[in-house]
Amino acid sequence: MREMFLKVDSAYPEDQGMGKARLDPDTMLQLRLSPGDLVYIEGKRRTVAKVWRMMVNDWNQGKIRIDSFTRTNAGVSIGDRIRVTAVAEEREASRLVLAPPEDLPRQLPINYNYVVSRLIDFPAMKNDTVPIQAGMPFMQPQMLAFKAVGMEPEDAVIITKKTRIEFSDKPAAGFEGLRQISYEDIGGLKDELQRVRETIELPMRHPELFQKLGIDPPKGVLLFGPPGTGKTLIAKAVANESGAHFISIAGPEVISKYYGESEQRLREIFEEAQENAPSIIFIDELDSIAPRREDVTGEVERRVVAQLLTMMDGLEERGQVVVIGATNRLD
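The sequence shown lines up with residues 1337 to 1667 when you count with the working numbering.
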């Protein structure tokens, strides 16, 4: 069997939602592949993608570039090593059944004829998440995710003009249809994103590394910068790519005029995170609920700060729960 182990990297922006796997010429030669051939991509799960050639500056680095949909289908993240195998026999799909997600906005228009035309030459396997462009051709498209709940044949196939595409009325449970923010959506923050990934994603995806070394992973990360610089975007992307449950709150939302209600709200948030671990709690405008302790004057603020510190001190017992705070006032 022709196979290689390669390191996952993000897709080129123009490849998002196209089902492409970018390889360098040497890898294609060793696997005896030509542009347009199909390959199996195996991580925690197995999916299929269509081979295209990498740009010259990516050659001879032992990596493969795939988009967020393909990474989700394979159960991998950027930096993981995956097995890439040539598909021995490329077959055309005679029938494809796509099920919408449960959270599909009803007001979002879907031109099904346009969808079908966009899926021609797209590779797929049963139970794959298939990207669908909603909206009209002359409008800004919204990328959605449908589930391939039925397919003939069920193995790796290519969708053609002859494929009978059906849309199920019954939603597919267990996944979100609106395209989630991925690392490809973040530009100009390469170094910052890498540091956050090392601090948060690595302990979540490979906790055994820290247990073996006897090192406690960080319990919290503080992101600071002016509004609109990508703090929330980074937090959402890391949560989506690591498969973590994401809870987002704004600092002022926690504060209540009633005695004890603010602390109770914080406890409920941490309990939800623990029940759905691994989880990321993102607290925007952290300075509004947790200023410097010597600057705290009100009794409510004092209790909230104490409660937050207590909950974070107990994160070791709560499993894989990480807090990301964001502020534009570092002092």
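We put the beta carbon where it would ideally sit given N, CA and C, even for glycine. On a predicted model such as this, the values are computed, not experimentally measured, just so you know.
- In the DSSP assignment, valine 1387 falls within the unbroken beta strand (DSSP E) covering 1382-1389.
- Serine 1592 and valine 1640 have their alpha carbons spaced roughly 10 Å apart.
- In the three-state scheme derived from DSSP, where H, G and I count as helix and E and B as strand, glutamate 1426 is classed as coil.
- Beta-bridge pairing by DSSP links methionine 1340 to Val1420.
- Taking a cut-off of 8 Å on C-beta distances, the stretch 1549-1559 does not touch the stretch 1593-1613, as fewer than three cross pairs fall below it.
- In the three-state scheme derived from DSSP, where H, G and I count as helix and E and B as strand, glycine 1556 is classed as strand.
- Judged by DSSP in its simplified three-state form, isoleucine 1591 adopts coil rather than helix or strand.
- Its chain contains Val1387 as the residues whose beta carbon lies nearer than 6 Å to that of aspartate 1373, once the 5 sequence neighbours on both sides are disregarded; these appear in chain order.
- Here proline 1489 really is in contact with arginine 1427; their C-beta atoms are around 6 Å apart, less than 8 Å.
- The DSSP-derived three-state label of glutamate 1502 is strand.
- Taking each of Val1452, Val1658, Gln1547 and Thr1565 in turn and checking the Cα distance to serine 1578, the smallest one comes out for Val1658.
- Around the beta carbon of valine 1375, 16 or more other beta carbons lie within 10 angstroms, which makes this residue buried.
- The closest CA to that of isoleucine 1494, considering only Ser1404, Arg1665, Phe1482 and Lys1462, is found on Lys1462.
- Take isoleucine 1625, set aside five residues on each side of it, and the residues of its chain with a beta-carbon closer than 6 Å to its own are Gly1587, Val1590 and Val1640, in chain order.
- Around the beta carbon of leucine 1645, fewer than 16 other beta carbons lie within 10 angstroms, which makes this residue exposed.
- Judged by beta-carbon spacing, proline 1436 lies within the 8 Å limit of phenylalanine 1482, meaning their Cβ atoms are closer than that value.
- Looking at the DSSP output, glutamine 1469 shares a beta bridge with Met1479.
- For glutamate 1378, the pairing in a beta bridge is given by DSSP as Arg1382 and Arg1419.
- Around the beta-carbon of glycine 1550, fewer than 16 other beta-carbon atoms lie within 10 Å, marking it exposed.
- Between serine 1504 and proline 1349, the alpha-carbon positions lie close to 30 Å from each other.
- Ranking Ile1456, Glu1604 and Pro1539 by CA distance to the CA of glutamine 1643 puts Glu1604 first.
- When DSSP states are grouped into helix, strand and coil, threonine 1408 belongs to the helix group.
- Proline 1562 is positioned such that its CB atom lies closer than 8 Å to that of asparagine 1664.
- Listed in chain order, the non-local C-beta contacts of glycine 1566 below 7 Å within the same chain comprise Ile1522 and Leu1525, local neighbours out to five positions each way being set aside.
- Asparagine 1576 counts as buried, since at least 16 other C-beta atoms from the protein chains shown sit within 10 angstroms of its C-beta.
- As the crow flies, the alpha-carbon of leucine 1666 is around 14 Å from that of isoleucine 1619.
- Linking serine 1615 to lysine 1497 through their CA atoms gives a straight-line distance of about 43 Å.
- If the five residues before and after valine 1423 are omitted, its C-beta is found closer than 8 Å to the C-beta atoms of Asp1373, Leu1374, Val1375, Tyr1376, Val1384 and Ala1492, all from its own chain and listed in chain order.
- Per DSSP, phenylalanine 1582 is one residue of the beta strand (DSSP E) stretching across 1581-1586.
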